[in-house]
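Residue numbers (our numbering), protein chains in the order written: chain V, 1 to 402; chain Y, 403 to 653; chain R, 654 to 996.
Set out below in structure tokens:
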């Protein structure tokens, strides 16, 4: 189906079902229950899951396939965001021109940065991209203040020209919309103790993510994708096979930059503001973490990684020591304190520590990330089952060997 | 007029004169071996032919066109394929994919952005690659990871990849270096078969005299960066100058 | 002229820090072939060694001072550091005042320990893995180290004063014949520069004149051959890593009075230090030092008011701009060796 093989089609359908049902799946605990703080089914976080999923999918096209480790990808996300917000200020609050412009501008910027950075490879490439991103950050932060709003960033204002939109009603604030459907509007469904929120913005972002994911699968399975893997595997052989590795990596870089721009545009569509911190190198580091954690070079890995990190950032970070104490209240006092002291550094504000440790463990032991971990567990279970059935077989059929 | 004409090529590295006044002509549809003791400049000469190095002076013409200043991929597209001393293949890819890549390069040129169509729909490429694998007797290994092939199979695959592009000139850099005797003999048979069945010129750099004399129709002996003599294998065998340069006084 | 000289001097202290960090990075890269993203964290840990020693020295117990009273008329409770009890008040106060320089002694064993543990426990297993993996695992380690520091010391910068004798500034301009008050230079920055010069000199002397250094230099040039000579190069490289960690740590200790240590200072410096290493030439020790000072001074010049009026914000981007231009025109950096990190 869709020009994909059976396995990829199944993956796409599973991802589609999961994203469409996310408001249910991510809210498994009833409102007001002690576990409700683990619910991730609120619009803001769900939007982040899919948007950073797009960002990581794009990064993976570059790193996962060609092996070129860019440490400056947040620059494209930021540039896409700025382009999108300007569309909202100048043209219309409709999100389509904003997102399209975000992709185009990020793609052009990636073309320039990629053209220069790809003249070198390995560690030099990483540092060149890092330098470009830090420079973009510094430019957005200070030099280009008239365009970027400097430290405070940009938001759509009531008095912006917005030539395609009519003048706003008295006292109205500009809201991002899709042909009148505002991004922030939600439908809430109360079922027993559960509250499910269906947000317009989330569903639009989720559909865009599914399309982006589909295109990424096609790219992975295309001749172009195979060439990118060839670049990673052996550039020497590639050159002596009549292929020029440069345009291949540059195209991958630009496509990956466009994915970042798409994510940047969507971020603005969901939350109409942008600041330079979005381009800081730690943001570039974050997408590296997401991709590696989930599984670089795999299809679903980056999306999983993005989800895991955003979940930790938003949920794990909110657990404080009081909550821990209530959880372990059943233990004897001294033991309770001990357990809480042991766990506390790793949660709440310390969630970065947990992230860092998990990330190191993944790099050391699981180069294929969560996806490889899942595969190993599955293989182990299958192996056990197979062993079990072997035993059965040997038990029942005890015919002497010839 | 040969298919490859090297004229007055010089190359220095700092104070070291690697090639001096090299003249070489390789005739179409022959197997031409270039031999010489270590440090004679064989590898330097080869690198000048494929675009890895640019000679200081002189010219290298392939089929009437200069190759100098062109990138390796451009020279390959002109019809020169190269086999490396240690097999250079795409280790992370499957054997079949390894074979498909040169087919794509032959059909689409040095760059083609087809990021949407699936590989499975490229019937002509699949057929061609499969045909080539069969010809190399590797069809049963099509789904194997290329890195896990044996040394001999890697060499076979690499030669197959080069042949799938239907090059007019195949350059081999010590293709049997480090191989066991059986693998060496297989490679010799394969190359013999190729030169007999195909419309192809083969230039081979080799240390192993057994390989050279089993294959070559013409031999050029390089010594100290300059061609000492060029002749048929029979005459080379008896040439005292060669024996002296190559084998030293003791021989 | 005096303004230029002032900027030159201002660039020296930052340049010194870049040079010291870049020196350590290059030692590790040159000897072990590892790209260490956790090197900035070592610098940061060094700075926190100064903080820690200061805290240890000011550990106090409460004493009731009968001679004084608080506003309610009760005898005043004062905190008396334990060092006062041990060394007497005058010496104790002096020791606390000099806690930053004293922290050098404290930091050396700590940093060597951290460095050796890092090499033995983690880096060693990544020698044979691709550079991307090395970057990733050390990047993860940097996050872990900085989060541990954040957990124990909090997220806010901790002011760590230099000894009283070195606080304040002196009129450097007047000393060398300029108008008074044109070149005012803080004492501690001068101390930092001299300190950096001594450390750099010591590292070079060590590599140049000791057998150990000779082996390490040989190892940098050709690891395999040195290994074949029957020299236990791995053990020496472990020590080398400890040394590089100590250099970064000492750079951090002495930098504490210039910028109050915070948990992310390492990363801030690391990004720039990488640029420095690349500009200097991967694997070249003199290149790293040269580029460190060069970029520090260049940054300082770019932040002159006259320059900023023409190109606003130049100081923020100058280092990156220079790095990009140099990498594209001299791919090996200013003093890079052939064959290092080339494809």
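For glycine and all other residues, C-beta sits at the position ideal for the given N, C-alpha and C.
What is the DSSP secondary structure of residue 131 (chain V), counted as helix, strand or coil? Three-state result, residue 131 (chain V): helix.
Can at least three beta-carbon pairs, one atom from the stretch 496-512 of chain Y and one from the stretch 190-203 of chain V, be found at a separation below 8 Å? no
Under 8 Å Cβ-Cβ, which residues of chain Y neighbour residue 244 (chain V)? Chain-order list of chain Y residues neighbouring residue 244 (chain V): 473, 475, 512, 513, by C-beta distance under 8 Å.
Would you say residue 239 (chain V) reaches chain Y, if we count a Cβ-Cβ gap shorter than 8 Å as a contact? Answer yes: the Cβ-Cβ gap between residue 239 (chain V) and chain Y drops below 8 Å somewhere.
Would you mind working out which of R:918, R:709, R:823 sits nearest residue 810 (chain R), comparing C-alpha positions? If you compare the alpha carbons of R:918, R:709, R:823 with that of residue 810 (chain R), the shortest gap goes to R:918.
The beta strand (DSSP E) with residue 198 (chain V) in it runs from where to where? 194-199
Can you list, in chain order, the residues of the stretch 607-634 of chain Y whose Cβ is nearer than 8 Å to any Cβ on chain V? none
For the stretch 951-964 of chain R, list every residue whose C-beta sits within 9 Å of some C-beta in chain V, in sequence order. Flagged, chain order: 964.
Endpoints, beta strand (DSSP E) assigned at residue 190 (chain V): 186-191
Please name the residue, chosen from V:378, V:208, V:256, that lies closest to residue 225 (chain V) on a Cα-to-Cα basis. V:256
Near-chain R residues of the stretch 100-125 of chain V - C-beta to any C-beta below 9 Å: Cβ contacts with chain R come from 116, 117, 119, 120, 121, 122, 123, 124.
Chain-ordered neighbours of residue 359 (chain V) on chain R, where CB pairs are closer than 9 Å: Here the neighbours are 789, 790, 792, 793, 796, 797.
Residues that residue 715 (chain R) bridges to, as DSSP identifies them: R:732
What is the rounded straight-line gap between the Cα of residue 207 (chain V) and the Cα of residue 10 (chain V)? 17 Å
Is the beta carbon of residue 800 (chain R) less than 8 Å from the beta carbon of residue 353 (chain V)? Between residue 800 (chain R) and residue 353 (chain V), the C-beta gap is smaller than 8 Å, which places the two residues in contact.
Continuous beta strand (DSSP E) stretch holding residue 435 (chain Y): start and end: 433-437
Name the residue from R:737, R:922, R:786 whose alpha carbon lies nearest to the alpha carbon of residue 672 (chain R). R:922
So, is residue 259 (chain V) buried or exposed, given that buried needs 16 or more other C-beta atoms within 10 angstroms? buried
N- and C-terminal bounds of the beta strand (DSSP E) containing residue 838 (chain R): 837-839
Taking only beta-carbon positions, decide if residue 499 (chain Y) is within less than 8 Å of chain V. yes
Where residue 824 (chain R) falls: helix, strand or coil (DSSP): It is a strand residue.
How about residue 902 (chain R) and residue 695 (chain R): do their beta carbons lie closer than 8 Å? Between residue 902 (chain R) and residue 695 (chain R), the gap from beta carbon to beta carbon is short of 8 Å.
Near residue 399 (chain V), which residues of its chain fall below 8 Å by C-beta distance, leaving aside the five closest residues on each side in sequence? In this predicted model, residue 399 (chain V) has a pLDDT of only 37, less than 50, meaning its place in the structure is not dependable enough to derive any value.
Which residues of chain R have a Cβ atom closer than 9 Å to the Cβ of residue 146 (chain V), listed in chain order? Within chain R, no residue comes near residue 146 (chain V); the closest Cβ sits about 11 Å away, beyond 9 Å.
Mind checking the stretch 199-226 of chain V against chain Y and listing, in chain order, the residues whose C-beta falls within less than 8 Å of any C-beta there? 215, 218, 219, 221, 222, 223, 224, 225, 226
Distance cutoff 8 Å, beta carbons only. Does residue 232 (chain V) sit that close to anything in chain Y? yes
Enumerate in chain order the residues of its own chain whose CB-to-CB distance from residue 425 (chain Y) is below 7 Å, with the five nearest sequence positions on each side excluded. 408, 409, 410, 629
For residue 414 (chain Y), which beta-bridge partners are listed by DSSP? Y:419
Would you report the Cα separation of residue 728 (chain R) and residue 930 (chain R), rounded to the nearest angstrom? Straight-line measurement puts the Cα of residue 930 (chain R) at about 60 Å from the Cα of residue 728 (chain R).
Between the Cα of residue 114 (chain V) and those of V:131, V:4, V:102, spot the shortest distance and give me the residue it belongs to. Nearest option by C-alpha distance: V:131.
Residue 579 (chain Y) at chain V interface by Cβ criterion, 8 Å: no
Look at the alpha carbon of residue 534 (chain Y) and the alpha carbon of residue 561 (chain Y), and state the distance between them as a whole number of angstroms. 10 Å
Quickly, what does DSSP pair residue 461 (chain Y) with across the bridge? List them, please. Y:409
Residue 467 (chain Y) versus residue 553 (chain Y): straight-line alpha-carbon distance, rounded: Roughly 35 Å between the two C-alpha positions.
Mind pulling the chain V residues with CB within less than 7 Å of residue 415 (chain Y)? The contacting residues do not exist; residue 415 (chain Y) stays about 21 Å from chain V at best.
Can you list, in chain order, the residues of its chain with a C-beta nearer than 8 Å to that of residue 173 (chain V)? Leave out the 5 residues immediately preceding and following it. 158
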